[in-house]
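Read the structure below first, then the notes.
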Amino acid sequence: MAESPLAPVIARFSIESSDDVRLEARWDMPVEPSSLVIFCHPHPQHRGTMTAPLMVGVTAELVQAGFGVLRFNFRGVGSSSGE
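Residue 1006 is where the sequence shown starts when you use the numbering used here, and the numbers rise one by one after that.
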């Protein structure tokens, strides 16, 4: 079985804002990260979510290159609350 280029997900969690909006988030990390990338998805009107194929593919490349990657869904996208 081929190994996934992504390291195991370190965490799936929520980021809470001061106005009680909960943003769905995910952290992918290699064994020895060199840096952290905060990766924001495209506008939802253009099918932007943190799980869009573009986001997943670029995340895999970044993790393989040694970067930790934090992705999240903006308000009202995916499992994030708000509008």
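Yeah, the Cβ is synthetic: ideal placement off N, Cα and C, and Gly gets one too.
Quick check on DSSP: helix, strand or coil for residue i?
i, result
"residue 1082", "coil"
"residue 1006", "Model confidence at residue 1006 stands at a pLDDT of 41, short of 50, so the residue's coordinates are unreliable; what they give is reported in the following sentence. In this structure, residue 1006 counts as coil in the three-state DSSP scheme."
The beta strand (DSSP E) spanning residue i covers which residue range?
i, result
"residue 1029", "1027 to 1033"
"residue 1105", "This structure cannot settle anything about residue 1105, because the visible part of the chain is limited to 1006 through 1088."
"residue 1022", "Element bounds for residue 1022: n/a, residue is neither H nor E."
"residue 1042", "1040 to 1045"
Over what stretch of residues does the alpha helix (DSSP H) that includes residue i continue unbroken?
i, result
"residue 1061", "1058 to 1069"
Return the chain-ordered list of same chain residues with a C-beta closer than 8 Å to the C-beta of residue i, the five sequence neighbours on each side being excluded.
i, result
"residue 1037", "1071"
Between residue i and residue j, what straight-line distance do the alpha-carbon atoms span, to the nearest angstrom?
i, j, result
"residue 1046", "residue 1085", "13 Å"
"residue 1058", "residue 1023", "31 Å"
"residue 1080", "residue 1065", "24 Å"
To which residues of the same chain is residue i closer than 6 Å at the C-beta, ignoring the five residues directly before and after it?
i, result
"residue 1073", "1034, 1038, 1041"
"residue 1015", "1032, 1034"
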